[in-house]
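Novice: Dropping the structure in here first, questions after.
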Amino acid sequence: MEQSPYFFPRLPEISVNPDGELMLAGHPAHSLMERHGSPLVVILEDALRRNCQAWMHPAANGIRFRMYYASKALLTTGVAALMHQEGLGIDVVSMGEMATALAGGVPPEMVLMHGNAKDRAELEYAVEQRVGRIVIDNLEEIGRLAEVVQAAGIRQKVFVRVTPGIRPSTHRYVQTGQQDSKFGFNLEGGLAEQAVLQVLRHPELELVGLHCHIGSQVLETEPFVAAAGRMLEFYAHVQQELGAPLDELNLGGGIGIRYKDSDAQMDAASHMARLYEFVAKWCGEHGIDCPLICDEPGRSIIGETGVTLYTVQSTKRIEEVRNYASVDGGMTDNPRFALYEARHPVAPAMRMLDRPDQLWSVSGKCCETGDMLIHDVEMCELHAGDLLAFFSTGAYTWSMASNYNRVARPAVLLLGKDREGLLARRETVEDLLSLDSVPDWLR
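According to my numbering, the stretch in the sequence shown is residues 2 to 444, in order.
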């Protein structure tokens, strides 16, 4: 069969039929749009479960481990339920994410609470729900959390988030482990040790481990190994010199996916095997017991399983300047290009075999010049009514969506070979108006 000239994730669930139409889990793209409308975010269930299993069954070399899905990538109650079925916990950064995870059936003890600006209400909710771990991110939080926990009459397990001073090769907006990060306590300068000592002064806070995160969309393992080395040194220091009986080390998530052909292909099993090998060797050489290793994959689990389908509403040709195809979505459902100039693979869903011989820029429907999904990508001739497929949109698209221009967010469909169901229904005008009110004096 003829191969499509377009780049997209080579998953078993993504194929092209002899007529050149994109097939998702055996379903023609146009039929999905007919049933569920446009735009439409499709999550391929079998691929998603396969990715979960790859993270849950690495070659661990006898090391204990726990996986938390980084829910900021994409979270609905259905996503939470699926992650729980596959054995992952959930990491959350707000009351909304926490409530969603719990409503999806995730046991509280498998919830990890993050956040660099947790307010008292969020901490009270987390403690009330008995979440498994709270990651302390700043000095003010220590006293605030201690008061909440003391009032509840319990003992709360906590991590201290450490900034290891590692700057991976990725966009600066998603670097998190460097010295000037807004997150965590720096190793350099002694702030991390100060935080640990302060936590240890509160008996109601049980310090069980340390946490770090170096960034997102990282396409090599060695920065994670470097961070693990610095974290293990501090872990041993906290155990041996500060007297804290630590047992867990959370190395964060962050490995990337292929958005373009030249991107490296990261493999979860190989990545974790390398980390586990390093941790086991380091602990053996330094005479300490291996901690339980935690990781927080998000994009690497759900990113490539997502495909967003749009309908072209109009085209505009500016000779020797640019060709525009304007679609019925845009930065409201995928702000990544507007934020980072992040390029997703894109192809004409009904003409996947046609030769890409023209440059097109795909624009959104918002009243904003910056509302672009991609600039200058090669595709075939486009017309109003054509369907476009943007690939690898499972992470950080719908989860970052907005209602700018009062545009309703699209539906999210979980799609298997023989079943389909909505993870989130399409928003309506009634939804958009439901939170509005008119003050009495304006009536």
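C-beta: ideal position from N, C-alpha, C; glycine also.
Mind reading off the beta-carbon distance from Ile167 to Ala227? Whole number of angstroms is fine, and I expect it under 8 Å.
Specialist: 6 Å
Novice: Among the candidates Phe225, Gly285 and Pro440, whose CA atom is the shortest distance from the CA of Glu297?
Specialist: Nearest C-alpha to Glu297: Phe225.
Novice: For Thr171, which residues in the same chain have their Cβ closer than 7 Å to its Cβ, ignoring the five residues on either side in sequence?
Specialist: Residue confidence is low: Thr171 scores 48 on pLDDT, short of 50, so the model does not pin down where it sits. No coordinate-derived value is stated.
Novice: Report the three-state DSSP secondary structure of Met24 (helix, strand or coil).
Specialist: strand
Novice: For the beta strand (DSSP E) that contains Ser438, what are its first and last residues?
Specialist: No beta strand (DSSP E) contains Ser438, which DSSP labels as neither H nor E.
Novice: Taking the runs of the alpha helix (DSSP H) that are 4 residues or longer, which of them lie wholly in the stretch 36 to 91?
Specialist: 46 to 57 and 78 to 86
Novice: I need the boundaries of the alpha helix (DSSP H) containing Arg145, first residue and last residue.
Specialist: Leu140 to Ala153
Novice: Between the C-alpha atoms of Ser393 and Met273, what's the straight-line distance to the nearest angstrom?
Specialist: 22 Å
Novice: Are there 16 or more other CB atoms within 10 angstroms of the CB of Gly133, so buried, or fewer, so exposed?
Specialist: buried
Novice: Assuming Val280 contacts Ala245 under a Cβ cut-off of 8 Å, what Cβ separation, rounded to an integer in Å, is found between them?
Specialist: No, Val280 and Ala245 are not in contact; Cβ-Cβ is about 19 Å, not under 8 Å.
Novice: Are the CB atoms of Ser39 and Lys312 within a distance shorter than 8 Å?
Specialist: This sequence places Thr at residue 312; Lys is not what is there. Yes, the pair counts as a contact, with Cβ atoms nearer than the cut-off.
Novice: Whose CA, out of Glu286, Leu41, Ser263 and Asp387, lies closest to the CA of Arg352?
Specialist: Asp387
Novice: Does the Cβ-Cβ distance between Gly90 and Tyr69 come in under 8 Å?
Specialist: A contact, by the Cβ cut-off of 8 Å.
Novice: Would you identify the three-state DSSP class for Gln240, choosing helix, strand or coil?
Specialist: helix
Novice: Under 8 Å: do the stretch 431 to 441 and the stretch 341 to 355 share three or more Cβ pairs, one atom per stretch?
Specialist: In the pairwise beta carbon analysis, the stretch 431 to 441 is classified as not touching the stretch 341 to 355: fewer than three pairs are separated by under 8 Å.
Novice: How would you write the range of the beta strand (DSSP E) that Val136 sits in, first residue to last?
Specialist: Arg134 to Ile137
Novice: Give a yes or no on whether the C-beta atoms belonging to Ala326 and Trp361 are separated by under 8 Å.
Specialist: yes
Novice: Express the C-alpha separation of Arg444 and Val42 in angstroms, rounding to a whole number.
Specialist: If I take the Cα positions, the gap works out to 39 Å.
Novice: Would you mind giving the Cβ-Cβ distance between Thr398 and Gly307, rounded to the nearest angstrom? I have them listed as a contact below 8 Å.
Specialist: 7 Å
Novice: Give the C-beta separation of Asp248 and Pro292 to the nearest angstrom, bearing in mind that I take them to be a contact with Cβ-Cβ under 8 Å.
Specialist: 6 Å
Novice: Beta-carbon within less than 6 Å of Tyr126's beta-carbon, same chain only, minus the 5 sequence neighbours each way: which residues are those?
Specialist: Met96
Novice: Which of helix, strand or coil does DSSP assign to Lys366?
Specialist: coil
Novice: Give the DSSP bridge partners of Lys317, in chain order.
Specialist: Tyr325
Novice: Alpha helix (DSSP H) containing Gly97: first to last residue?
Specialist: Met96 to Ala104
Novice: Cα separation between Ala71 and Asp92?
Specialist: 5 Å
Novice: Kindly give me the distance between the Cβ atoms of Gly331 and Asp372, rounded to whole angstroms, as I take these residues to be in contact under 8 Å.
Specialist: Contact holds; Cβ gap of about 5 Å.
Novice: Taking the beta strand (DSSP E) that Lys158 falls in, what are its first and last residues?
Specialist: Gln157 to Thr164
Novice: Which ranges would you report for the beta strand (DSSP E) in the stretch 265 to 300 if only whole runs of at least 3 residues count?
Specialist: Assignment of beta strand (DSSP E) within the stretch 265 to 300, counting only whole runs of 3 or more residues, yields 293 to 296 in chain order.
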